[in-house]
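Residue numbers (our numbering): 722 to 908. Where is the CB? At the ideal position from N, CA and C, for every residue including glycine. Treat the numbers as computed from the prediction; the structure is a model and nothing was measured. Worksheet: one structure, shown below.
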Amino acid sequence: LNAPMRLDDVVVAELLWAASKSAFSGVAILAVVFALGISREPTLLLVVPVVALAGLTFSAIGLCFNALARGYDFFTYYFTLVLTPMTFLSGVYYPVSQLPEWLAAIASWLPLAAAVELARPLVIGRLPEQVLPHVALLCAYAVLASVRIHEEGQASGALNAIREVGGVLGVAVLASVFAANGSYETP
């Protein structure tokens with residue numbers, strides 16, 4: 722870098738840019754939702770800060786994986802072992818209440834579940850029942866994933882361990898859900 726900046730400055734700028742892109746994307750999606758008459762609730766505008774916070778959170782997590790990536794193929798682990806199970810377990814496609822109790826407890830700690838719990842009621846014109854715990858969870862993930870440069874080594878080791886455990890748990894959870902024979906029903 723030829724500019725008088727530290728690497729921390731670049732990382733913070735990347736995080737803020739990701740949050741801004743998320744907010745812009747959220748506004749575009751909400752415009753389509755409004756134009757198609759899917760929802761015209763006044764609470765719809767409150768989705769924009771939720772989307773920006775979720776963007777900040779996932780960009781921090783993504784930057785951690787980016788820092789660890791030895792090549793492009795590394796990102797398949799992130800998508801396969803982290804994002805895909807999280808998408809299925811976070812209430813994006815079906816209610817978390819349909820999950821077995823133990824799996825719903827795990828899903829409640831996922832950042833995407835917190836974002837869904839905040840955004841879904843706003844789209845249909847209601848306020849979320851519990852705002853603070855979900856916002857706190859998203860902020861905690863964003864802060865924990867934002868590592869200072871001099872702490873990279875410790876964070877890398879911790880993230881590697883978490884990645885391994887998360888991958889094993891993700892596969893085990895999906896296998897147990899699909900093997901539950903009737904205890905996992907769709908509405």
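Rounded to whole angstroms, the gap between the alpha carbons of L848 and A724 is 45 Å.
Here the alpha carbon of A826 sits roughly 17 Å from the alpha carbon of V803. Every alpha helix (DSSP H) stretch that sits fully inside the stretch 781-836 and reaches 4 residues is listed by chain position as 795-799, 805-810 and 822-828. Under the DSSP assignment, E735 falls in the alpha helix (DSSP H) whose first and last residues are L728 to A756. Within the same chain, A773, L774, G776, L777 and S780 come within 8 Å of A740 by CB-CB distance, once the 5 residues on both sides are set aside. For A863, the enclosing alpha helix (DSSP H) stretches over residues V852 to A866. The alpha carbon of T797 has as its nearest neighbour, out of K742, G783 and S818, the alpha carbon of G783.
Counting only the Cα atoms, L820 lies some 8 Å from L810. Less than 8 Å separates the beta-carbon of V768 from that of V844. When the beta-carbon positions are compared, A834 and A840 stay at least 8 Å from each other. In this structure, the beta-carbon distance from G846 to E735 does not fall below 8 Å. Contact between V771 and A836 holds, with the beta-carbon distance rounding to 6 Å and staying under 8 Å. Straight through space, the alpha carbons of Y793 and T808 are spaced by roughly 22 Å.
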